[in-house]
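Worksheet: the structure to be examined is printed underneath.
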Amino acid sequence: MIVLSQVINGLILGTIYILMALGLSLIRGTMGILNFAHGVLFTLGAYFTVKVAMLTNFWVGIIIGPIFVGFVGMFIQRFFMRRLQGKHELFGLLLTFGMAYIIEDIVKIIWGVGGQPFNIPQSLGGFVNLGFLIYPTYRLFILGVTVLLLLALYIFLNKTKAGLIIKAGSKDLTMVSLLGIPVQKVFTLVFGLGTMLAGIAGALAAPMWGVQPTMGNKILIPCFVVICLGGMGSLIGAVVGGLIIGVAVSLAILIQPFFSDLIIYVIMATVLLVRPRGLFGEVGEAYE
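Right under this line is the structure:
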């Protein structure tokens, strides 16, 4: 029963990894940039959600907070990232790395270095009897929300004009540009969507992990591992990789807590030795 509980905990942890990794994969697949500011945008999602919830309620906060993060991402792309178009990928890494420290310091200045309380509504605060296990309602809520978001993202990327443009841009930006589609607007949309997903992850994780300025630091590296494991730019890979890492981390804690960090890199190294492009990464394939 303990093992089963940890497996379910791992699936819930995996959903947070998935949301983060999906945002990273969207940005990486379209813009060719690994966003090192993704972790602090996760943090920003938690803070925005808490503050909006304090002024309104939990439900409004968990919707509006991540949207604010998406606008922050669009601002970063519009006024900073676009200046790096055509330059070496290293410039993007350095810029997002610097932005991460700047935003984290801004968070500390505005909200302080201490933690912020975030209480969930009574309707999500109980437990659900699954028959074989009694499990917290809020964690099952996270699982349900993630499934709905994955479905919505799939429909957006495959059934809408904007989504199809993003998919086309991930494969051939030159073709998209020749068709008269403004590439920078595509980049702004992608960066906003990717950072909003990070904001959603932060909002959902806040009641479980607590809200503090450095909360995004501990999740960023595992999420980079997830996209390496699943394949750069592969959304299916982000989902599968997130679940694998989430369950593996939770089970490793049963053996020895410090194994939870080690197992992440053991799995990544093992997979990359067999498939250097990751489980689903292939040349020219993204968002499939």
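According to our numbering, the sequence shown is numbered sequentially starting from 10.
Beta carbons are placed, not taken as given, at the ideal position from N, Cα and C, and that holds for glycine.
- DSSP lists no bridge partner for Asn-44.
- Met-241 and Ser-179 have their C-alpha atoms roughly 11 Å apart.
- For Asn-18, same chain residues with a beta-carbon under 7 Å away, outside a window of 5 residues either side, are Ser-259 in chain order.
- In the three-state DSSP reduction, Gln-125 falls in the strand class (E or B).
- In the structure shown, Ile-143 falls within a strand segment according to DSSP collapsed to helix, strand and coil.
- With respect to the C-alpha of His-47, the residue from Met-10, Ile-230, Tyr-144 and Leu-244 having the closest C-alpha is Ile-230.
- Cβ neighbours of Val-154 within its own chain (closer than 7 Å, five residues either side excluded): Leu-213.
- Proximity to Thr-65 across Pro-130, Ile-21, Phe-106 and Leu-35 peaks at Pro-130, based on C-alpha coordinates.
- Short of 6 Å from the beta carbon of Ile-71, and not among the five residues preceding or following it, lie these beta carbons of its own chain, in chain order: Thr-58 and Ala-212.
- DSSP places Phe-100 within a helical segment (H, G or I) once states are collapsed to three.
- Counting along the chain, the unbroken beta strand (DSSP E) around Asn-138 starts and ends at 136-138.
- For Val-199, same chain residues with a beta-carbon under 7 Å away, outside a window of 5 residues either side, are Leu-35, Ile-36, Thr-39, Met-40 and Ile-175 in chain order.
- In the pairwise beta carbon analysis, the region 78-90 is classified as not touching the region 10-28: fewer than three pairs are separated by under 8 Å.
- For the 8 Å CB-CB criterion, Gly-287 and Cys-237 form a contact.
- By the Cβ criterion, the region 248-255 is in contact with the region 22-33, since at least three pairs of Cβ atoms, one from each stretch, lie closer than 8 Å.
- Counting other Cβ atoms within 10 Å of its Cβ, Lys-60 reaches 16 or more and is therefore classed as buried.
- Within the region 23-92, the complete alpha helix (DSSP H) runs of at least 4 residues fall at 47-64 and 67-88.
- Proximity to Ile-11 across Leu-187, Ile-262 and Val-275 peaks at Ile-262, based on C-alpha coordinates.
- Judged by DSSP secondary structure, Leu-263 falls within the alpha helix (DSSP H) whose first and last residues are 244-264.
- Exposure of Met-184 is indicated by the presence of fewer than 16 other C-beta atoms within 10 angstroms of its C-beta.
- Annotation: Ile-118 to Ile-112 spans about 10 Å, alpha carbon to alpha carbon.
- Within the same chain, Met-10, Leu-13, Ser-14 and Ile-17 come within 8 Å of Leu-142 by CB-CB distance, once the 5 residues on both sides are set aside.
- Here the C-alpha atom of Ile-164 lies approximately 27 Å from the C-alpha atom of Val-256.
- Comparing C-alpha distances from Asn-226 to each of Gly-95, Ile-42, Phe-106 and Met-63 shows the shortest one belongs to Phe-106.
- The residues Ile-21, in chain order, have a CB closer than 6 Å to that of Arg-148 in the same chain once the five nearest residues on each side in sequence are set aside.
- Beta-carbon to beta-carbon, Ala-210 and Gly-54 are separated by about 7 Å, close enough to satisfy the 8 Å threshold.
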